[in-house]
Amino acid sequence: MYGLKRGLFISFEGIDGCGKTTQIELLKDYLIEKKYEIIVTLEPGGCDIGKKLREILLFNKSFVSDTAEMFLYLADRAQHVEEVILKNINEGRIVLCDRCIDSTVAYQGYGRKGNIEQINLLNKIAMNGIKPDLTILFDVDIKIAQKRVGNIKDRMEKENIEFHKRVREGYLELAKENPERIKVINSNQEIEKVFFDLREIISKVI
Ligand code: TMP
0 MYGLKRGLFI SFEGIDGCGK TTQIELLKDY LIEKKYEIIV TLEPGGCDIG
50 KKLREILLFN KSFVSDTAEM FLYLADRAQH VEEVILKNIN EGRIVLCDRC
100 IDSTVAYQGY GRKGNIEQIN LLNKIAMNGI KPDLTILFDV DIKIAQKRVG
150 NIKDRMEKEN IEFHKRVREG YLELAKENPE RIKVINSNQE IEKVFFDLRE
200 IISKVI
């Protein structure tokens, strides 16, 4: 195994149906073949407490207030960082994380029209002093994304098209504000071409 002194923390972002989960799996196999130590994790749901929070966040049938929703995502993050991410980075692994801080800004900030300054501050607290070294944003047209999501939808996916448009715009705004950290890939392309673009970006950091 290649021993990275401090591991690497890479997050993957995009609207529902952007294809990130498929790409993370492809990248995992690719990096394992290259003998890197990898851990794939996700938010919400990357630890035991997080799995319970994910169930509430995505499948709760009764009313969830926007503020409660925000805090539940942040609670998942705080636990996940402490229990999973920090440990694996410190042990030299590459952490591939399906969603992280930018999801809360995009969904609870832009999507739900929450206070972005507050979210940034709460994200900082939840992250316990760390940040993704690199973030890949899979950008995709809303219509293509909705087709990929299909008919069985969770609580967030059920939100209307205007919500998902705001989330996408929010992500693109974040990428503009953080050009060093957030790299955008055109995810309207074929899976193979998206993965080609992903490898190009990843090869510059490892
Ligand atoms: P996914 O794991 O299938 O991508 O689903 C997670 C859903 O939760 C997705 O709709 C995005 C949403 N989400 C937020 O709204 N805020 C967050 O902070 C995170 C991590 C996810």
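Heads up: the sequence shown is residues 0 to 205, going by numbering that gives the first Met the number 0. Glycine is no exception: its CB is placed at the ideal position from the N, C-alpha and C atoms.
Shown here for Leu-41: same chain residues with a beta carbon closer than 6 Å to its own, the five before and five after excluded, namely Asp-97 in chain order. Assignment of Glu-158 by DSSP, reduced to helix, strand and coil, places it in the coil class.
Nearest Cα to Pro-178 within the set Met-126, Asp-132, Asn-122 and Gly-108: Asp-132.
Gln-145 and Cys-17 have their C-alpha atoms spaced approximately 9 Å apart. Between Leu-197 and Ile-135, the C-beta spacing is below 8 Å.
Of the residues assessed, Leu-120 falls on the exposed side of the cut-off, its CB having fewer than 16 other CB atoms within 10 angstroms.
Between the stretch 30-44 and the stretch 159-168 there are fewer than three C-beta pairs closer than 8 Å, too few to call the two in contact.
About 7 Å separates the Cβ atoms of Phe-11 and Leu-95, confirming a contact at the 8 Å cut-off. One Cα belongs to Tyr-72, the other to Glu-32, and the distance between them is close to 33 Å. Around the beta carbon of Gly-6, a 10 Å sphere encloses 16 or more other beta carbons of the protein chains shown; the residue is thus reported as buried.
The Cβ atoms of Gly-49 and Asp-75 sit closer than 8 Å to each other.
Counting the other Cβ atoms within 10 Å of the Cβ of Ala-125 gives 16 or more, which makes it buried. CA-CA distance, Asn-187 to Leu-171, rounds to 15 Å.
Take Thr-21, set aside five residues on each side of it, and the residues of its chain with a beta-carbon closer than 7 Å to its own are Ile-190, in chain order.
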